[in-house]
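Notes to accompany the following structure.
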Amino acid sequence: MSTDASPTPGADQQIGRDDVAKVAALARLELTEAELETFTGQLADILDHAADLKAIDLEGVEPLGTPVAMENVLRADTPGDTLDRDEVLASAPAAEDGKFKVTSILGEGV
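This is the structure we're talking about:
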């Protein structure tokens, strides 16, 4: 069974500064020129490692769902003391209609 998707950049395909800048813009991150250079190198190293992993022959190796036994170690979900909404909102920089009021970070119409 093959799970090949789009090719992973590796030795034959390089990621460039423009690729990193595009991803940063999509993630709404502002990066300096120095950060773009640093992250371009780091991301290229990560993608090279992913290509190395993809090249490993796993024929006959059984998939492993989890390396440890699964058991529920969570405590019971019981309600406890909660904070008073009005007290919490009173300590917020801005509140409106019983909710926190924050500055839009995604731009107009979002």
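Going by numbering that gives the first Met the number 0, the sequence shown opens with residue 0, and the numbers climb by one from there. Cβ atoms here follow ideal geometry from the backbone N, Cα and C, with glycine treated the same way.
Three or more pairs of CB atoms, one per stretch, sit closer than 8 Å, so the stretch 11 to 24 contacts the stretch 42 to 57. Under the three-state reduction of DSSP output, residue 100 falls in the coil class, being neither helix nor strand. Inter-residue distance for residue 81 and residue 41 is about 44 Å (C-alpha atoms, whole angstroms).
Short of 6 Å from the beta carbon of residue 38, and not among the five residues preceding or following it, lie these beta carbons of its own chain, in chain order: 19. For the pair residue 26 and residue 101, the Cα-to-Cα distance works out to about 19 Å. DSSP places residue 95 in the strand class (E or B) of the three-state scheme.
Rounded to the nearest angstrom, the gap between the Cα atoms of residue 92 and residue 67 is 45 Å. Taking the CA atoms as reference points, residue 55 sits about 19 Å from residue 64.
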